[in-house]
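In full-length UniProt numbering, the protein residues as written are 1 to 220.
A quick write-up on the structure given underneath.
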């Protein structure tokens, strides 16, 4: 085989390579994929609050007192099952990864006998008031930085209120919770107080209170 034949073979191989590269570049320009603004996948979580769109202010969450007025201990018992792997709720129940939660509402923080609390929880002090429980259940690591509790938290306010209503029920002396009795419905204006009877004017005894002056008789 002479050099002319070798040159033809080398030229054919080179031409084929150039064509493949050109086809690859052309295909990339035609079928270029759209890159997402944020990498990864969006996983929809049932019950999670909606994330406000860009430029929108986040919706103000109702206070825990307002949410407790319509909370359900029965729903809270079902919601608290996610905590059953680490806690018990019955009276005299054993400590697990977390302490027993009987009577936790109003109890001093880090005070349940026989449980080894983290230094952060012990140093926090105070008691488990309704507001403190609400903040801790929403985000344990934000409420008590340094806690060893690995639970991410319950973002939905109404679900936290149900759980707190259930925890409050698990006690020898449940604390009084807000109720809807006497409260106006959402969007309903408050009831106006009854009008007070008008007082008679001084120096006009026997006259009707605030009565208009008697009209003069017409001229004949």
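Quick reminder that beta carbons are idealized off the backbone N, C-alpha and C, glycines included.
Proximity of residue 157 and residue 61 at Cβ, strictly below 7 Å
yes
Using 10 angstroms around the beta-carbon of residue 159, count the other beta-carbons present and answer buried if the total reaches 16, otherwise exposed.
buried
According to DSSP, is residue 108 part of a helix, a strand, or is it coil?
strand
Here's the rule: buried if 16 or more other CB atoms are within 10 angstroms of the residue's CB, otherwise exposed. What is residue 14?
exposed
With 16 as the cutoff for other CB atoms within 10 Å, does residue 163 come out buried or exposed?
By the neighbour-count rule (16 or more Cβ atoms within 10 Å), residue 163 is buried.
Counting C-beta neighbours from all protein chains within 10 Å, is the total for residue 144 16 or more, i.e. buried, or is it exposed?
buried
Where does residue 61 sit, in a helix, a strand or coil, going by DSSP?
coil
Please name the residue, chosen from 167, 124, 118, 166, that lies closest to residue 150 on a Cα-to-Cα basis.
118
Proximity winner among 169, 81, 161, relative to residue 70 (alpha-carbon distances)
161
Mapping DSSP to helix, strand and coil, what is residue 159?
helix
Measure the alpha-carbon distance for residue 140 versus residue 152 and round it to whole angstroms.
7 Å
DSSP three-state assignment for residue 131, whether helix, strand or coil
helix
With three or more beta-carbon pairs closer than 8 Å as the criterion, would you say the stretch 172 to 179 touches the stretch 81 to 90?
no
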